[in-house]
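This report refers to the structure that appears directly beneath it.
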Amino acid sequence: MAYDYQNIEKKWQKIWDETGVFHAENRSGKPAYYALVEFPYPSGQGLHVGHPRSYTALDIVARKRRLEGYNVLYPMGWDAFGLPTENFAIKNHIHPEIVTKQNVGRFKEQLKALGFSFDWSREINTTDPSYYKWTQWIFLQLYKHGLAYKKEMAVNWCTSCKCVLANEEVVNGVCERCGSEVVRRVKSQWMLKITAYAQRLIDDLDTVDYIDRVKTQQKNWIGRSTGAQVRFPTTAGDALEIYTTRPDTLFGATYMVMSPEHPLLEKWAGLLQNMDAVKDYQAAAARKSDFERSEVAKEKTGVRLEGVMAVNPVNDRQIPIFISDYVLMSYGTGAIMAVPAHDTRDYDFARAFNLPIIEVVAGGNVEQAAFTDCETGTMVNSGLLNGLTVEEAKKKIIAYLEEKGIGEPKVNYKLRDWVFSRQRYWGEPIPMVYCETCGWVPLPESELPLLLPAVDSYEPTDTGESPLAKMADWVNTKCPHCGGPAKRETDTMPQWAGSSWYFLRYTDPHNDQALASREALDYWLPVNWYNGGMEHTTLHLLYSRFWHKFLFDIGVAPTSEPYAKRTSHGMILGENGEKMSKSKGNVVNPDDIVNQYGADTMRLYEMFIGDFEKTAPWSSSSIKGCKRFLERVWNLAEHMTEGGVRAELEGAFHRTIRKVTEDIEDLKFNTAIAAMMALLNELDKTKTVTKEELKLLIILLNPFAPHITEEIWVQKGFGGMLNQTEWPAYDEAKCAEDTVEAAVQVNGKLRARIILPAGCEKEEALAAAKADEKVGAAINGKSIVKEIYVPGKLVNLVVK
RNA sequence: GCGGGCGUGGCGGAAUGGCAGACGCGCCGGUCUUAGGAGCCGGUAUCUUUGAUGUAAGGGUUCAAGUCCCUUCGCCCGCACCA
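Just add 12 to wherever you are in the first sequence, counting from 1, and you've got our numbering.
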């Protein structure tokens, strides 16, 4: 009988659905295991071949865990709020809710066709009011704990999406989503105080098992630095406060620089003789986009303040103050002390403005370039610091500053608070009301969910107002506090809101009393293994860790970290090695692959395509090899005979079980498959397979290719369903082969291969090696100075 | 500029410091066939082939290096005037 993958796959998908074998229970005698993959945004394009790479990997883990005796939660849902749906709705005059429903339907069908063992009874959708009720509830808790606040400030504005973006959403000066230009706009925005968690978000990385590049990237993004905050007196009377990581170089500060947006400038307006020039420079800086302003290697520009001087507090010298856009208002204090001898940017600026450069760390040549090395230099021209190393000088000067009351140690982070409002329709309404007398008032929890109203037009506006602002009867409401007239917040939450806590909802998705019951959360959390894209490292992954820590602090979440383990898959590129895109015409449609080769082949191929963590180009010819492999397994099963594992194959089976068992845990799916292919090659040589051998082979293969293996299981009469059986154990002792082929080297060069019995002693191995004809010729007439024996691997004779 | 990673056949990729190229694709040959673009069997790094040389290039450590160290080149990713 031929391998009819289409009927087999449909049959088993139906059986799994109807029997509910993959439903997880919230209590069980078995140990719990929570496997998680990022839920997709249901776009109009349908599933991308990249999605199944991640989903198959953890489906393999989930299926293996079930066979290992765990109660496994492997859920799926929809991260459905977002701009593409809204834009599609605008263009085609269909409500986003309807678009979402259609897209979800298609995605679900596609995922089911791939045979993932998701517990569909726990399906969630972030746009469902019964879901976003709790997203809004969490926002209210953040507000009540002072972690949500509204602030007027310069923000990133995407000119195409017509809404603000978080810092994390701006990539190389353009919008992360659409690639359009991002400009600065001053707007009043809801902000979330993620910076309050900066240190814990770094520290707690030590408590979780994330791949290193994720940890490094999050640490870099949070950007902790240590130094000192120092107050410089000025002739204006106000102290100018600066932050520096190099307080040791304080004696080398020959001028100061303020950001053009620094508030003291306004205060000093009357004192500044060149206020016109200052204003021109401020205006020019404000006009620049973030991208222009942060362009590297550009000429340093600035204006010297005439009328106010600063005083270096360690030597009482008067030094000039400049404004320049290389100093950012958003970091530190918005002002710096400039030490041109030991900072590259200050050096460039000093050269451009012909300012003095005083060396205070000896070891470089400050005539030619700034000397920024902290390891090797010695302090000079620095009064009490002379002769010290940089590290010693830092400690001493900070103690001195504290003693004199002019400075103190300080930690700074690059992380900024999270800009949380969006001027778009298709998102969660922010449950806040503005009252002229009471100010911002949170909606009572009893009024949640605050439903997204139906509007006629979802079109965003250039003025920066949300489409909801036009809904007068929705906007105008009563103040929950004083009962007077008030207006609702019309901005909505960003795409990242719903996904910041969705893994909690899966544990108890139908609960209408709480985001999830404490029992369910205690049982399942933390997520044991979470796989997702690297592109979310400083977005979703960071945001959800922040929310989770907050929920932990207020006693809602049971753990301080949401995910015990995080791994990441590489992207699948088009056949030409470029990123898949419609415009390049290199998009592979999963539906076509499933139709042409079947879901099992597709799953197997995506796992065999290469190193799981690296990008890999699609290959329409390589996939045939995976299809052939499954067909060969099918055909071999047709030749099954009764009996146990044949003695001569026992070692091979134990080694393959070990290899597959271990490789799945190490994300080495490609070599696990290679091991099964090699085993099949061995079996094929014998033209037959015993019942016990076949059983072992198809259990190992089941997590990768679940349909074909279940079908063989029933056809060959193994009883029950494969997914209810047990993962095979291996015996380390039986993994060893009876005889091994060892290499014999003379002076490190391969001269022969000899067959040795397993566990062969050194003496015996050396004797066998020397007895070899070619080895004999190579050592003839020379004296052996060293004999090396690596058991079971090689002999190396060093001769002279 | 800083930080991280990588560089192996025609291709995707394997190799706890111990036989480089597992496994697969492709290709070549054979077989079966009216036919083969299916299946099966065999082969497939290079060369001046009793041997020698090969893991981006050069140097080093070691009995032994794709793997460790140094230099250079190239590619990818992250951050990017963060004081």
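Glycine included, each C-beta is placed from N, C-alpha and C at the ideal position.
In DSSP terms, what residue i is bridged to
| i | result |
| --- | --- |
| F334 | V269, R316 |
| C494 | Answer is none; C494 lacks a bridge partner. |
| E164 | S200 |
| T256 | A240 |
| R363 | Looking at the DSSP assignment, R363 forms no beta bridge with any residue, so it has no partner. |
| A374 | G376, T390 |
| S813 | Here the chain comprises residues numbered 13 to 812, so residue 813 is not present and cannot be evaluated. |
| A251 | Per DSSP, none; premise fails for A251. |
| A754 | I766 |
| V787 | The partner list for V787 (beta bridge, DSSP) is empty, contrary to what the question assumes. |
| V194 | C170 |
| K798 | V810 |
| L217 | In DSSP, L217 forms no bridge with anything. |
Residue i versus residue j - alpha carbon distance
| i | j | result |
| --- | --- | --- |
| L679 | F558 | 27 Å |
| G319 | W438 | 53 Å |
| P64 | R530 | 32 Å |
| E753 | I766 | 6 Å |
| D355 | F383 | 7 Å |
| A248 | D260 | 26 Å |
| A251 | L427 | 26 Å |
| E547 | S433 | 21 Å |
| R2 | A69 | For the chain, the structure presents residues 13 to 812; residue 2 sits outside this window and is missing. |
| K577 | F244 | 47 Å |
| W430 | A350 | 30 Å |
| H560 | T171 | 32 Å |
| P332 | G346 | 16 Å |
| N286 | T401 | 41 Å |
| G771 | I720 | 40 Å |
| E135 | I206 | 29 Å |
| T627 | Q330 | 57 Å |
| V183 | H581 | 21 Å |
| L537 | P574 | 7 Å |
| R196 | A92 | 28 Å |
| Y542 | G417 | 49 Å |
For residue i, the nearest candidate out of the options (CA to CA)
| i | options | result |
| --- | --- | --- |
| D612 | S172, K407, W132, K636 | K636 |
| A649 | F730, S634, Y609 | F730 |
| K794 | N808, K812, V802 | K812 |
| L154 | W202, H107, V182 | W202 |
| E744 | H666, A289, T683 | H666 |
| P740 | I418, A770, E674, Y518 | E674 |
| V453 | G417, P479, K490 | K490 |
| M270 | Y293, A166, T702 | Y293 |
| P443 | I669, A509, W149 | W149 |
| K312 | P352, P275, P803, R357 | R357 |
| F175 | E98, C386, Y209, L123 | For clarity, residue 175 is Cys in the given sequence; the question names Phe instead. It is E98 whose Cα lies nearest to the Cα of C175. |
| N104 | A92, G56, R118, S572 | G56 |
| L213 | L553, A664, A755 | L553 |
| R77 | K42, I102, E457, V49 | K42 |
Where residue i falls, given that 16 or more other Cβ within 10 Å makes a residue buried
| i | result |
| --- | --- |
| P368 | exposed |
| M688 | buried |
| C494 | exposed |
| L85 | buried |
| A381 | exposed |
| D71 | buried |
| R363 | exposed |
| S40 | exposed |
| R640 | exposed |
| Q507 | buried |
| Q18 | exposed |
| G395 | exposed |
| V797 | exposed |
| P602 | buried |
Given 8 Å, three or more beta-carbon pairs between the region 469–479 and the region 406–425
With the cut-off at 8 Å, the region 469–479 and the region 406–425 do not touch.
Could you tell me whether the region 590–604 touches the region 235–244, where touching means 3 or more Cβ pairs closer than 8 Å?
Too few Cβ pairs lie closer than 8 Å, so no.
Could you tell me whether the region 220–228 touches the region 513–525, using the rule of 3 or more Cβ pairs below 8 Å?
Verdict: no, contact absent.
Are three or more beta carbon pairs between the region 392–408 and the region 330–350 nearer than 8 Å?
With a cut-off of 8 Å, the region 330–350 and the region 392–408 do not count as touching, because too few Cβ pairs lie within range.
Check whether the region 24–32 touches the region 127–143, taking contact to mean three or more Cβ pairs, one atom from each stretch, closer than 8 Å.
The region 127–143 and the region 24–32 touch, with three or more beta-carbon pairs separated by less than 8 Å.
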